[in-house]
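Numbering of the sequence shown is given in the numbering used here, commencing with residue 14 and proceeding in unit increments. Note that CB positions come from ideal geometry on N, CA and C, so glycine has one too. In what follows, a structure is listed as structure tokens, so that the remarks can point back to it.
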Amino acid sequence: MEVFLVALLIFYIYHGTGITLGYHRLLSHRSFKVPHWLEYFIVSGGYLCFEGSPIYWVTNHRLHHRYSDQEGDPHSPVDGFWHSYVGWMYKPIVRVSLEQSRLVSPDLYRDRVYEMLHLENSDYHALLCLIVGVVFRIVLLVVFGPAVLAANLIATLVVFNAPLLVNSVGHLKEFGYRNFESGDGSRNVWWVALIALGEGWHNNHHYAPKSARHGLTAWEFDLSYLVLSILKVLGLATDIKLPTSEQMSRYRVFDQDKDAEDLDPQSKADRPLAPVD
């Protein structure tokens with residue numbers, strides 16, 4: 014049982030931060046910098062959790078910020094809860110074309126590893142990710158035994174669903190609260206933040222998408238940012254972006270009784286399709 018619990022914790026953090034720090038805050042938003050070897054290690058946690066091609070993932074996410082809860086958003090609950098949760102992956106309203114991914118994520122195309130994993134085809138890159146993930150778990154079983162494999166499968170199941178909760182519950186007015194006007198329906202939901210290692214402070218993130226820290230108040234716990242802070246102390250993480258004092262001065266400076274649909278849309282100027290290098 015001890016082996017199982019330790020393995021469960023390790024895999025939850027490994028796969029979880031692979032998505033939150035790797036795919037999301039590093040590749041999608043360039044919120045911090047780490048050495049290349051560490052970048053690949055962090056991102057591998059997301060890839061081995063069946064998140065698919067980093068280029069495909071990042072392109073979808075940047076489009077989500079560009080058109081959040083509007084036409085062009087790949088996964089908004091405006092098109093239905095189940096669409097935002099899982100349907101967008103199987104019956105996408107917005108299909109990411111090869112030309113679009115090259116326009117939206119040119120920085121990732123400059124990396125041979127990410128370009129190789131993309132395979133220029135969503136069906137093939139998903140199949141490659143599936144094969145690699147299955148082989149990884151066969152190795153776990155052979156080398157470490159069934160207890161470690163079981164821990165990994167449970168961690169993978171929960172972590173895989175965490176960003177799906179953010180995409181759906183994190184944009185429904187029935188849940189959570191808002192700290193900032195963000196021009197969309199994004200919400201801060203504490204229990205999603207716990208499951209998703211800090212990603213549930215989604216309104217904060219949509220307001221300041223380049224911030225490496227999502228929990229912007231003292232009580233909004235952000236485990237992913239805690240891990241990043243440890244990497245900073247170790248000298249492994251640099252150029253960590255945080256909200257400016259001007260941005261934070263707008264904390265709750267709006268009508269709390271308004272629904273997101275009533276808000277004036279925020280300018281999209283600070284939501285570029287491609288990152289700032």
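Handout entry: Nearest-angstrom Cα separation, counted from Leu244 out to His184
Key = Here residue 184 refers to the residue found at position 171 of the sequence shown. Here residue 244 refers to the residue found at position 231 of the sequence shown. Approximately 31 Å, taken between the alpha carbons.
Practice task
Label Pro159 either buried or exposed according to how many other C-beta atoms from any shown protein chain fall within 10 Å of its C-beta, with 16 as the threshold for buried.
Solution key: Along the sequence shown, read from residue 1 onward, the residue named residue 159 stands at position 146. Counting Cβ neighbours within 10 Å, Pro159 comes out exposed, since fewer than 16 surround it.
Exercise for the section: Establish whether the CB of Asp124 and some CB of chain B are separated by less than 8 Å. Expected result: The question asks about chain B, but that chain is absent: this structure has only one protein chain.
Practice task
Spell out a yes or no on whether the stretch 214-233 and the stretch 109-129 are touching, meaning 3 or more CB-CB pairs, one atom from each, closer than 8 Å.
Solution key: no
Exercise for the section: Please list, in chain order, all residues of the same chain as Gly58 whose beta carbon is under 8 Å from its beta carbon, the five residues on each side excluded. Expected result: Within the sequence shown, numbered from 1, the residue matching residue 58 stands at position 45. Answer for Gly58: Tyr27, His28, Gly29, Thr30, Gly31, Ile32, Gly35, listed in chain order.
Handout entry: Buried or exposed by the 16-neighbour rule on C-beta atoms within 10 Å, applied to Leu18
Key = Taking the first residue of the sequence shown as position 1, residue 18 is located at position 5. The residue is exposed, with fewer than 16 neighbouring Cβ atoms inside 10 Å.
Practice task
Tell whether a beta-carbon distance below 8 Å holds between Arg150 and Asn165.
Solution key: Taking the sequence shown and counting its residues from 1, the one referred to as residue 150 is at position 137. Taking the sequence shown and counting its residues from 1, the one referred to as residue 165 is at position 152. Yes, they are a contact pair.
Problem - Reduced DSSP secondary structure (H/G/I, E/B, other) of Ile32 - result: Within the sequence shown, numbered from 1, the residue matching residue 32 stands at position 19. Ile32 carries a helical assignment under DSSP once its states are collapsed to helix, strand and coil.
Problem - Helix, strand or coil at Asp275 [DSSP, three-state] - result: As a position in the sequence shown, residue 275 is number 262, starting the count at 1. The pLDDT assigned to Asp275 is 49, lower than 50, so where the model puts this residue is not dependable; a value taken from the coordinates is nonetheless given after this. Looking at Asp275 - three-state DSSP - the assignment turns out to be helix.
Exercise for the section: Provide the residue(s) that pair with Tyr190 in DSSP beta bridges, ordered along the chain. Expected result: In the sequence shown, the residue the question calls residue 190 occupies position 177. Bridge partners of Tyr190: Asn201.
Practice task
For Leu154, name the three-state secondary structure that DSSP assigns.
Solution key: Against the sequence shown, residue 154 aligns to sequence position 141. If DSSP states are grouped into helix, strand and coil, Leu154 belongs with the helices.
Problem - Local Cβ density within 10 Å of His78, reported as buried at 16 or more and exposed below that - result: Counted from its first residue, the sequence shown places residue 78 at position 65. A residue is called buried once 16 or more other Cβ atoms fall within 10 Å of its Cβ, and His78 is buried on that count.
Exercise for the section: Over the uninterrupted alpha helix (DSSP H) stretch that includes Arg75, give me the two end residues. Expected result: The residue given as residue 75 occupies position 62 in the sequence shown. Unbroken alpha helix (DSSP H) run through Arg75: 67-79.
Handout entry: Pro90 versus Val182: straight-line alpha-carbon distance, rounded
Key = On the sequence shown, position 77 is the one that residue 90 refers to. On the sequence shown, position 169 is the one that residue 182 refers to. Cα-Cα distance, rounded: 8 Å.
Practice task
Measure how close the beta-carbons of Ala209 and Glu233 come, nearest whole angstrom, since I'm counting them as under 8 Å.
Solution key: Looking up residue 209 in the sequence shown gives position 196. Looking up residue 233 in the sequence shown gives position 220. The pair is not a contact, with the Cβ atoms about 13 Å apart (cut-off 8 Å).
Problem - Where Lys254 sits in the DSSP three-state scheme - result: Sequence index remark: in the sequence shown, residue 254 carries index 241 (1-based). Reduced to three states, the DSSP call for Lys254 is coil.
Practice task
In the DSSP assignment, find the unbroken alpha helix (DSSP H) run with Thr169 in it and report its ends.
Solution key: Start at 1 with the first residue of the sequence shown, and residue 169 comes out as number 156. Run containing Thr169: 159-181, per the alpha helix (DSSP H) assignment.
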